[in-house]
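K.L.:
Reading the sequence shown from the start, the letters are residues 74 to 479 in this note's numbering.
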Amino acid sequence: MSNHSPRTVVIVDAVRTPVGRKNGGLSTLHPSDLLGLVQKAIVDRTGIDPNKIEQVVGGNVSQVGAQSFNITRTAWLSAGLPMTTACTTVDTQCGSSQQATGLAASLIASGVVDIAMACGVESMSTVPIGSNSNAFTKNPKTKEYESLGKAVSKSYFSHYEFTSQFEGAERIADKWNITRTDTDAFGLESQQRAARAWAEDRFAGQYIVVDAPDLGDDGKPTGTTHKVARDEGIRETTLEKLQTLNPVARENGVHTAGNSSQISDGAGAVLMMTLEKANELGLKPRAKVVDSCLVGVDPVLMLTGPIDATQRLLERNNLTIDQIDTFEINEAFASVVLAWAKEVGADLAKTNPNGGAIALGHPLGGTGVILTTKALYELERTGGKYGIISMCCGGGLGTGTLIERI
């Protein structure tokens, strides 16, 4: 344990739900209950007194309706956890819960708190993507529903072209000479790796089995439940089948539903504290949070953030790309990861070794902590030392976390 100071930030546990498909097994749970399950699970698994957790920082993207009102806090209280624990929810688009992890780690490193939890959730079945940017309210005078306004002001367009993430992914493919064959092959590999991971029980210990309520035709609970014990997005396919799918953005584009991330439901949580506090409580430190970053990039290409984030983490910590043993780079679109690998020189064999969002799903605000959980367990499984987690984010941002297995 040399080279670690008492205030070194360590991860003592990380847990996730299986990732559910759109309108799948997790869709009958209220999003705050879904998040509360992993918050409570990490408390139960470690045996920590929840009163000792000083702050919980959560990530969520579509903060409207069932995901509004500071869902990190409502989830915590709904799980029966102490009211004295402070909770906050951040929106960094897809990187929300990874940024929550960085913020929670910073609170610990700076001495503001000794123990913090990072978490995240998204129920895209319940609150569809974009719901918070297309909100309406009822005018009390006219009784008519009126828009609350556009998410982007007119002045934005005097500086930047406004593009969708789909178009951004296509432009990345253009810039890095990524073909439809490349993206389909990558999508197939993601599916095959995820299927192999489940077949070999590689996810053991990192997920909880969820009991979700059954709903009747009237949408009300029937009193019975069903278990969700496996990621639901994995599907058998072939390169030939993938090549028959229609592009989602351009007529001759390279991205389809088969090589892009899935609409999903899921949640995860990571418990962190100082090394000194872990030793005091008798909790095993499993990894050190070495560094984290949030970078800004071209908002038109939008999805190149992992390139800059990875380079920053390597440069600040005097590491080379070959010293990293595992990468979890969010598979928002195949071109995002392929361009990242070309630019930073990463080995794709070490990247998303157990499949990514193309196969397992991408529950927006929950994905960051889910990727961190996957990276931690993969380092432990293989005996690796360093792991990098990175995500592209809407609006031209990139999140990054460097962890070191202890």
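Glycine is no exception: its CB is placed at the ideal position from the N, C-alpha and C atoms.
Go ahead and label Phe276 buried or exposed: buried means 16 or more other beta carbons lie within 10 angstroms of its beta carbon, across all protein chains shown.
P.N.:
Classification for Phe276: buried.
K.L.:
Going by DSSP, what residues sit across from Ala342 in a beta bridge?
P.N.:
Val88, Cys192.
K.L.:
For the alpha helix (DSSP H) that Ala114 lies in, which residues bound it at each end?
P.N.:
Taken as a continuous stretch (DSSP letters only), the alpha helix (DSSP H) holding Ala114 covers 104–119.
K.L.:
DSSP three-state call for Asp395: helix, strand or coil?
P.N.:
Helix.
K.L.:
Can you tell me the Cβ-Cβ gap for Ala178 and Glu127, rounded? I've got them flagged as a contact below 8 Å.
P.N.:
Rounded, the Cβ-Cβ distance is 13 Å, inconsistent with contact.
K.L.:
Could you tell me which uninterrupted beta strand (DSSP E) segments, each at least 3 residues in length, are contained entirely in the region 164–222, listed from first to last along the chain?
P.N.:
List check, beta strand (DSSP E) in window: 188–196, 209–211, 218–220.
K.L.:
Near Tyr218, which residues of its chain fall below 6 Å by C-beta distance, leaving aside the five closest residues on each side in sequence?
P.N.:
So the list reads Phe209, Lys211, once near-sequence residues are dropped.
K.L.:
Quick check on Arg482: does DSSP put it in helix, strand or coil?
P.N.:
Any answer about residue 482 is impossible in this case: the structure gives the chain only from 74 up to 479.
K.L.:
Would you kindly report the start and end of the unbroken alpha helix (DSSP H) that includes Val283?
P.N.:
Counting along the chain, Val283 falls outside any alpha helix (DSSP H), though it belongs to the beta strand (DSSP E) covering 283–288.
K.L.:
Any idea if Leu288 is buried or exposed, counting beta-carbon neighbours within 10 angstroms, 16 or more meaning buried?
P.N.:
By the 10 Å Cβ count, Leu288 comes out exposed.
K.L.:
Which stretch, first to last residue, makes up the alpha helix (DSSP H) that contains Gln264?
P.N.:
Here the alpha helix (DSSP H) through Gln264 covers 253–272.
K.L.:
Determine whether the beta carbon atoms of Asp338 and Lys113 lie at a separation below 9 Å.
P.N.:
No. Outside cutoff.
K.L.:
I need the straight-line Cα distance from Arg303 to Ile431, nearest angstrom please.
P.N.:
Looking at the two C-alpha atoms, the distance is approximately 15 Å.
K.L.:
Among Trp149, Ser365, Gly369, Gly460, whose alpha-carbon lies nearest the alpha-carbon of Ala342?
P.N.:
The shortest Cα separation from Ala342 among Trp149, Ser365, Gly369, Gly460 belongs to Trp149.
K.L.:
Does the region 391–410 come close enough to the region 421–436 to have 3 or more Cβ pairs within less than 8 Å?
P.N.:
Judged by Cβ distances under 8 Å, the region 391–410 makes contact with the region 421–436, as three or more pairs qualify.
K.L.:
Give the DSSP-derived three-state secondary structure of Gln140 in the structure shown.
P.N.:
Of the three classes helix, strand and coil, the one that applies to Gln140 here is helix, per DSSP.
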